[in-house]
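As numbered in mature numbering (1 follows the signal peptide of the UniProt record, and there is no 0), residues -27 to -1, 1 to 552 make up the sequence shown, in order.
Don't be surprised by glycine CBs; every beta carbon is placed ideally from N, CA and C.
Heads up, the thing below is written out as structure tokens.
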Amino acid sequence: MSMPVAPVNRMVTPILLMGIVCAIANAEENDAAPIVTVAVKRLDRSTPTMQQTDAMPVMMALASPPPTLPAERFPQYRIGYQRADALLQSQVTEGTVCFLLTDPAILDSVGRPLLLEATILIDGEPFSAVRDSQAATQLAASRESPASDPDLQQPILDTEPVDEEPTSDESVEVEVVAPKELGAEADETKTNETEPEPDDPEPESEPVTPATEPVYSLTSNSAELMRRYADAIGEQLEEPEAGWLMTHWTDGPTLLLLHPYYQSFRADQRPVFTILDRDGDGVIAKDELEAVDESFGRCDVNRDGIVDVLELSGAADKLRDPTVATDAPGPLFWLLSDVGGISEQDAELYRSLAVLDKNQNGRIDADEVDSLTNQSPDICVTVAFLSADAGGSKLHVTEIHPERKADVRGDGDGVDISIGPLMIHLSAIQETDLQNHSGQIAIGAVVDGYPLLPELDPNDDGRFTIRERRTLTERLRAKDRDDDRSLTSQECLSPIRVCIGLGPIVHQELANVRASRSVIVTESVSGPEWFTRMDRNRDNDLTRGEFPGTDEQFLALDADGDSLVSASEANNFEQQSDN
């Protein structure tokens, strides 16, 4: 039998295959050490198990059934988005995925979309081959244990066991006890009844046994679905058919792509820049840089001396002009298999790819895709996942096109690739405990938003204390590349984050604000008891407003004269007083 297959663009398929062959050849020729290697980030889903107590109500009846179809389980991803599944399969045969990044900032800096090539391995094998192996394993399981069905509920018959009937014509001795509640006297004698008296009612009929048909439920178990499908058609499945069922009905696509709406939910969020740019001219001028502490102080809604991220975002939203409409950005992430055929009739899609339309006919033709495919990638990466040892998984940046003149830096959070004012942040992630997986790979890209926040919040706590705000101007000046003592929007571009994950988990990584590159771990110093009671906002400093004593007492405590009494200064004062 044959399974349905999406239509394939025959003109594009040979082009992509040629590009894959060239990419593999280049990888073999350039067998040098990678430019930078970082560890794959790990996601730990383990949580303490909640103990059931008598006081806790049982809510099992209200729990909704688990989702069974891929579209229900992966709402953050583009399920069924690829216009040609067979074309996509040809592209990832060797575990290599080629894709474009088309943000306007990229077009301004590079002049065309960036082409990235990612080779993704799971335990040393191409991820697409791992999925094929998983499909074969599930198919074998469906044939070996046809009756095993974890999702099929067996009926529970609400009947009591039936006693065996007597084998002889002997009468059955029945003890009849009259209830005392009705005022009847108990009859202590035993009567032998062989047949009912004429006036007695007719004996009750035998209970009807309920239907024994099992309760049907949808299944997300691949082996069980294959078993049911084979039973329905009366034929054994083959491996291509098993893979099709896994892709469309249980595990989902081998390659999951983040949904376009996910990439733009905070793309235009620049609360820090909006707050500091007081006149709204798109430039943080010299005088505005000098007034950073004051500008942040205006956002302290609850007047506790600490400005947190929510207060910054709320203040920035109030400064937005509701009459100015912002253009919705087109997709940031494009598989090469999706580019061909995009026309100006799809204005939002075509806008980000118009630079590829060399003949200006309003359509991305096959020869234009050919030109794009045959060029050398701008960035080549290899991700080597180890399912049994997440700590050994690595992300390698293997090649960067010389024309990009990129600055590459890697650490525990990923790899930063700076191309002029543009910054591409690459990372990979997998779950810590992966005993079972289906070889599914997820890729996503977002324009990060909050471009200045990580640099200004070095301890990544989302709070700006009075002491921290005093250093903000110095930190901002470090981003002034042209030394004109002002910051433009080009000097504060939002980084583009690209994440590759083993399993559908990249949306969780990309939803978080990126970490600071220079995390400052301050030594925690506890002050005396009276100091802790006075420190109402818990910033480990006392202001004059928090200190209930006199001005003279506060000045005696403030040894360095910075108008803040730290925990160390309080401890030193205590020691001097004891001596």
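What are the boundary residues of the alpha helix (DSSP H) that residue i is part of?
i      : result
Leu407 : That residue, Leu407, is in no alpha helix (DSSP H); it is neither H nor E in DSSP.
Ala379 : Taken as a continuous stretch (DSSP letters only), Ala379 belongs to no alpha helix (DSSP H), as it is neither H nor E.
Ala415 : From DSSP, Ala415 is part of no alpha helix (DSSP H) but of the beta strand (DSSP E) over Ile414 to Val420.
Thr110 : Phe100 to Glu117
Gly216 : Glu212 to Leu218
Val479 : Val479 to Ala484
Ala361 : No alpha helix (DSSP H) contains Ala361, which DSSP labels as neither H nor E.
Val471 : No alpha helix (DSSP H) contains Val471, which is instead part of the beta strand (DSSP E) from Ile469 to Leu475.
Asp434 : Looking at the DSSP string, Asp434 is not in any alpha helix (DSSP H), and its letter there is neither H nor E.
Pro233 : Pro233 to Gln236
Glu441 : Ile439 to Arg442
Glu502 : Glu502 to Met507
Ile79  : Pro77 to Val83
In angstroms, rounded to a whole number, what distance separates the CA positions of residue i and residue j?
i           : j      : result
Leu407      : Val370 : 25 Å
Asn544      : Arg276 : 27 Å
Ala205      : Val388 : 50 Å
Thr110      : Leu230 : 25 Å
Ala379      : Arg442 : 32 Å
Pro213      : Thr220 : 11 Å
Ser286      : Val498 : 31 Å
Arg239      : Leu292 : 16 Å
Val486      : Leu445 : 19 Å
Ile79       : Ile397 : 10 Å
Val245      : Glu197 : 53 Å
Pro30       : Asp17  : In this prediction, Pro30 has a pLDDT of 44, which is less than 50 and means its spatial position is unreliable; nothing more can be read from the coordinates.
Glu148      : Val188 : Residue confidence for Glu148 is low, a pLDDT of 49 falling below 50, so the modelled location carries little weight; the figure read from the coordinates is stated next. Each residue's Cα considered, the two are about 41 Å apart.
Gly476      : Val354 : 18 Å
Arg511      : Phe504 : 10 Å
Ser400      : Ala451 : 25 Å
Leu191      : Ser316 : 40 Å
Thr523      : Asp551 : 21 Å
Leu249      : Asp290 : 13 Å
residue 555 : Ile439 : Residue 555 lies beyond the range of the chain shown here (-27 to 552); nothing can be said about it.
Ile337      : Ala418 : 22 Å
Ala114      : Ala215 : 11 Å
Asp508      : Val282 : 21 Å
Starting from the C-beta of residue i, find all residues in its chain whose C-beta is less than 6 Å away, skip the five residues before and the five after it, and write them out in chain order.
i           : result
Ser193      : Thr41 and Thr223
Val538      : Leu515, Leu530 and Asp531
Cys71       : Glu90 and Leu309
Gly474      : Ile402 and Ala415
Ala468      : Here the sequence assigns Pro to residue 468, which means Ala is not the residue at that position. Once the five neighbours on either side are set aside, the close Cβ partners of Pro468 are Met396, His398 and Asp421.
residue 555 : Outside the shown range of the chain, which is -27 to 552, sits residue 555, and nothing can be said about it.
residue 563 : Because the chain spans -27 through 552 in this model, residue 563 falls outside it and cannot be assessed.
Thr461      : Val256
Residues in its own chain within less than 8 Å of residue i by CB, not counting five upstream and five downstream?
i      : result
Pro304 : Thr75, Pro233, Gln236, Leu322 and Ser325
Val328 : Leu80, Gly84, Arg85 and Pro86
Less than 7 Å between C-beta atoms, sequence neighbours within five positions excluded: which residues of the same chain meet that for residue i?
i        : result
Arg448   : Glu428 and Leu429
Val9     : Val370, Val381, Gly383 and Val388
Gly412   : Ile95, Phe100, Val103, Arg104, Gln107 and Thr227
Gly156   : Since pLDDT at Gly156 reaches only 46, below the 50 mark, its modelled position is unreliable, and the value read off the structure follows with that caveat. Around Gly156: no qualifying Cβ.
Ser82    : Ile392, Gly393, Pro394 and Leu395
Ile(-13) : No answer about Ile(-13) holds up, because its pLDDT of 39 lies below 50 and its placement is not dependable.
Leu210   : Leu112, Met199, Tyr202 and Ala203
Glu542   : Leu530, Asp531 and Ala532
Could you round the C-beta distance between residue i and residue j to whole angstroms and report it? I think they count as a contact, below 8 Å.
i           : j      : result
Arg243      : Gly422 : 7 Å
Asp386      : Ala484 : At roughly 15 Å, the Cβ-Cβ gap does not stay under 8 Å, so Asp386 and Ala484 are not in contact.
residue 563 : Val11  : Residue 563 lies beyond the residue range present for the chain, which begins at -27 and ends at 552; the question has no answer from this structure.
Ser459      : Lys259 : 6 Å
Pro43       : Ile52  : 5 Å
Cys272      : Glu284 : 5 Å
Ser349      : Leu359 : At roughly 29 Å, the Cβ-Cβ gap does not stay under 8 Å, so Ser349 and Leu359 are not in contact.
Phe269      : Phe437 : 6 Å
Lys14       : Glu482 : 7 Å
Assuming residue i is part of the beta strand (DSSP E), what are its boundary residues?
i      : result
Thr10  : Val9 to Ala12
Ser391 : Gly387 to Ile392
Thr69  : Thr69 to Leu74
Glu372 : Lys367 to Ile373
Thr227 : Segment: none, Thr227 is in no beta strand (DSSP E) and carries neither H nor E.
Glu341 : Segment Ala339 to Asn347 is the alpha helix (DSSP H) holding Glu341; no beta strand (DSSP E) there.
Phe520 : Per DSSP, Phe520 belongs to no beta strand (DSSP E) and is neither H nor E.
Ala203 : Careful: Ala203 lies outside any beta strand (DSSP E), inside the alpha helix (DSSP H) at Ser195 to Ile206.
Ala91  : Leu87 to Ile95
Leu425 : Careful: Leu425 lies outside any beta strand (DSSP E) and carries neither H nor E.
Leu537 : Note, Leu537: premise wrong, no beta strand (DSSP E); not H, not E.
Which complete beta strand (DSSP E) runs does the stretch 247 to 311 hold, if anything under 3 residues is left out? 306 to 308
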